[in-house]
Structure formats: C-alpha cells, structure tokens
Amino acid sequence: MRIFLTGATGFIGSRVARELMTAGHQVLGLTRTTAGAEQLMASGVEVHFGNIDSLDSLQRGARLADGVIHTAFNHDFFDICRQTANTTYRVIDAMGTALGGDAKTTDYNVGCRHGIAR
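Under UniProt numbering, the letters of the sequence shown match residues 1 to 118, in that order.
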C-alpha cells in the first residue's frame, strides 16, 4: 500500500515511516521544508510538499495514497490542546473528504479532551 504520512520528519512519524517501509509499504511524507525533504529522501520516503494548515496539500496527498496516517503536531504552545484538536479535526476532515467513496480507511485518535470546533 501507499501511505500518506503527515509528520513524517518528526519523532513519531519518522518511526512510523520506518515501520511501514519495513512492512513493504510505500510512504509519501508531508514536509514543509527542503531540509525535511532531504531527510525524507535519505530515509527512502517519497516527498510531498505542504503543511497541515493547507487543506489543499493534504487532500492532494491523500488522493495519491491508499491510506493516511496523521502524526503531525503544531508546536505552538499557546492554547495547545484546543488548537491541536481543531487542527487534527481539519486534517482528518480534509483527508477523509479526499478519500471519500473509496475502499480506503481513515482511523484516528485525538489525544486531547477539549472540544473540537466545527
């Protein structure tokens, strides 16, 4: 399978990418920067430029994949739980929309107890 992975250069995402590739999957990793792209390419991950604030880039990445895994995290620590929950909702909604109508699956966990704005 080809998996679109947000947060692919991060602590968790880089390990998820490695596990996916070890299991024989192709990984398309989201990155904002050239340095991130170089890190992904060095580890065998295909590069998709964009960021979690660009729903268009998320949908384009999701459409190129058989499934998605969201591990990205916004490190702005002001109102962190609410912001993280809202960003996660937007990311999942955008990628879920892109995957709609297919036999693809979106599975997610949100680690905050604060409500998600809609």
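We treat Cβ as the ideally placed atom computed from N, Cα and C, and that holds for glycine.
Predicted model, so just to flag it, every value in this text is computed and none were measured.
| said: Given this structure, state the Cα-to-Cα distance separating Asp66 from Ser43, to the nearest angstrom. | reply: Locating residue 66 in the sequence shown gives position 66, counting from the first residue. Locating residue 43 in the sequence shown gives position 43, counting from the first residue. Approximately 20 Å between the Cα atoms of the pair.
| message | Taking the straight line between their C-alpha atoms, what separation do you get for Gly7 and Gly100? | response | Residue numbering aside, residue 7 sits at position 7 when the sequence shown is read from its first letter. Residue numbering aside, residue 100 sits at position 100 when the sequence shown is read from its first letter. Taking the straight line joining both Cα atoms gives about 22 Å.
| C-alpha gap between Leu28 and Ala85, whole angstroms | The residue given as residue 28 occupies position 28 in the sequence shown. The residue given as residue 85 occupies position 85 in the sequence shown. Answer to the nearest angstrom: the Cα atoms are 24 Å apart.
| Do the region 58-73 and the region 86-93 meet, that is, are 3 or more Cβ pairs less than 8 Å apart? | yes
| Distance, Leu55 Cα to Thr9 Cα | Position 9 of the sequence shown, counting from 1, holds the residue named residue 9. Position 55 of the sequence shown, counting from 1, holds the residue named residue 55. Roughly 19 Å between the two C-alpha positions.
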